[in-house]
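Heads up: the sequence shown runs through residues 0 to 88, numbered per numbering that gives the first Met the number 0. Don't be surprised by glycine CBs; every beta carbon is placed ideally from N, CA and C. As structure tokens, the structure follows; a few thoughts come after it.
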Amino acid sequence: MQTLPKRIRKRKHPPVPSVLTDHALLRFLERTGVINVRQFRNMLLTKGLKAACKESAEQKSTLRYLENGLSFTIVEGRVVTVVPIDMLR
């Protein structure tokens with residue numbers, strides 16, 4: 000997997016109250032071609048992560064999977080959060 004650019008990995012985002020959700024913003028960026036969500040998804044979705052998702056789904060559990068400097072929170076087979084490990088508190 001390619002490493003995320005350092006400026007993205009090290010950036011800290013303070014919570015900003017907004018009526019515009021992250022989901023809406025992400026979909027706008029995807030639909031207008033600013034970012035290629037499929038490319039990011041494919042970059043993150045390794046064999047190891049797929050296996051962890053399968054395990055989580057089969058056990059109907061929540062787990063944390065660490066790979067390539069990233070922490071993935073998986074709930075019942077679905078990745079719900081991805082955070083660079085160095086941003087974890």
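Here the region 26-39 makes no contact with the region 47-54; the two share fewer than three CB pairs at distances below 8 Å. The closest CA to that of VAL81, considering only LEU48, SER17, LEU28, is found on LEU48. Here PHE39 is exposed: its Cβ has fewer than 16 other Cβ atoms, across all protein chains shown, within 10 Å. Comparing C-alpha distances from GLY68 to each of LEU87, VAL79, PHE27, THR61 shows the shortest one belongs to LEU87. Put simply, the backbone Cα of LEU62 is about 16 Å away from that of LEU44. Each residue's CA atom was taken as its position, placing VAL74 and LYS59 some 8 Å apart.
The three-state reading of DSSP puts ILE34 in coil, since its state is none of H, G, I, E or B.
For the pair ASN41 and GLU66, the Cα-to-Cα distance works out to about 14 Å.
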